[in-house]
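Trainee: Position 15 of the sequence shown, counting from 1, maps to 28 under my numbering, and the rest follow consecutively.
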Amino acid sequence: MANLDLLIKALDTAIWETGEAFKGLDDSDVWKRPDTKILSVGELAAHVAYWQSKSFFGDSFESPLTSMAARYYSSNVDTPYKLEMGAEAVYNEMKRIHEACKTEFEAHPHDSDEANPNREGWTWGFTVEYQVFHIAYHCGQMYSVRHLLGHKTVDN
Numbered sequence: 014m015a016n017l018d019l020l021i022k023a024l025d026t027a028i029w030e031t032g033e034a035f036k037g038l039d040d041s042d043v044w045k046r047p048d049t050k051i052l053s054v055g056e057l058a059a060h061v062a063y064w065q066s067k068s069f070f071g072d073s074f075e076s077p078l079t080s081m082a083a084r085y086y087s088s089n090v091d092t093p094y095k096l097e098m099g100a101e102a103v104y105n106e107m108k109r110i111h112e113a114c115k116t117e118f119e120a121h122p123h124d125s126d127e128a129n130p131n132r133e134g135w136t137w138g139f140t141v142e143y144q145v146f147h148i149a150y151h152c153g154q155m156y157s158v159r160h161l162l163g164h165k166t167v168d169n
């Protein structure tokens with residue numbers, strides 16, 4: 014696992030930056046779309062949570078954010094996905110999932126080139142590397158959604 018320590022730290026940083034995207038977000042805007050074809054901050058958070066959970070646990074982790082509706086943009090663009098969760102609750106659930114993934118990975122360490130049984134054709138090294146990118150990418154989208162909604166966000 015030593016060769017994945019820096020990627021795990023980068024994963025922590027990506028989750029932290031996502032928290033910055035939630036700062037000052039009104040609960041009423043978590044699930045609001047700036048356009049019918051642009052996902053809400055909540056939908057993006059659910060998508061990130063779905064894939065982080067799926068990548069580390071397969072189908073065995075339960076969370077309100079890990080609905081199949083959050084799987085892909087095409088899964089919910091025509092049918093908005095919305096939960097009765099505000100900004101703090103959504104971000105806290107994302108962090109809970111992230112911490113559970115880290116705990117699982119630390120309890121059952123894997124080498125970088127070891128196959129990940131939860132992601133066909135992926136190694137554990139690529140899984141963690143991709144999760145860092147994936148979270149950061151969608152975090153940027155969260156900031157864009159907030160800007161489109163007219164919010165002034167923290168300096169990112």
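Every residue gets a Cβ at the ideal spot worked out from N, C-alpha and C, and that includes glycine.
Find out if the Cβ-Cβ distance for the pair E30, A149 is shorter than 8 Å.
Mentor: Yes, the pair counts as a contact, with Cβ atoms nearer than the cut-off.
Trainee: Taking the alpha carbon of R159 as the reference point, which residue from D42, L19, A23, A83 has its own alpha carbon closest?
Mentor: Nearest C-alpha to R159: D42.
Trainee: State the DSSP-derived secondary structure class of T26, mapped to helix, strand or coil.
Mentor: Correct three-state label for T26: helix.
Trainee: Apart from the five residues just before and just after Q144, which ones in its own chain have a Cβ nearer than 7 Å to its Cβ?
Mentor: L24, Q65, S68.
Trainee: Roughly how many whole angstroms lie between the Cα atoms of A82 and S88?
Mentor: Taking the straight line joining both Cα atoms gives about 5 Å.
Trainee: By alpha-carbon positions, which one of V61, R132, A27 ends up nearest to Y85?
Mentor: Cα-wise, what sits closest to Y85 is V61.
Trainee: E106 and S76 look like a contact to me (Cβ under 8 Å); what is the Cβ gap, rounded to whole Å?
Mentor: That belief holds up - the Cβ atoms of E106 and S76 are roughly 6 Å apart, short of 8 Å.
Trainee: Could you work out which residue in S80, E142, A59 is closest to D18 when comparing CA atoms only?
Mentor: Comparing Cα positions, the closest option is E142.
Trainee: Out of T166, L78, G134, H164, point me to the one whose CA is closest to G55's CA.
Mentor: When each option's Cα is compared against that of G55, the closest is L78.
Trainee: Between the C-alpha atoms of P130 and H151, what's the straight-line distance to the nearest angstrom?
Mentor: Cα to Cα, P130 sits roughly 24 Å from H151.
Trainee: As a quick exercise: from M155, L162, D124, pick the residue whose alpha carbon is nearest that of G32.
Mentor: Measuring from the Cα of G32, the nearest candidate turns out to be M155.
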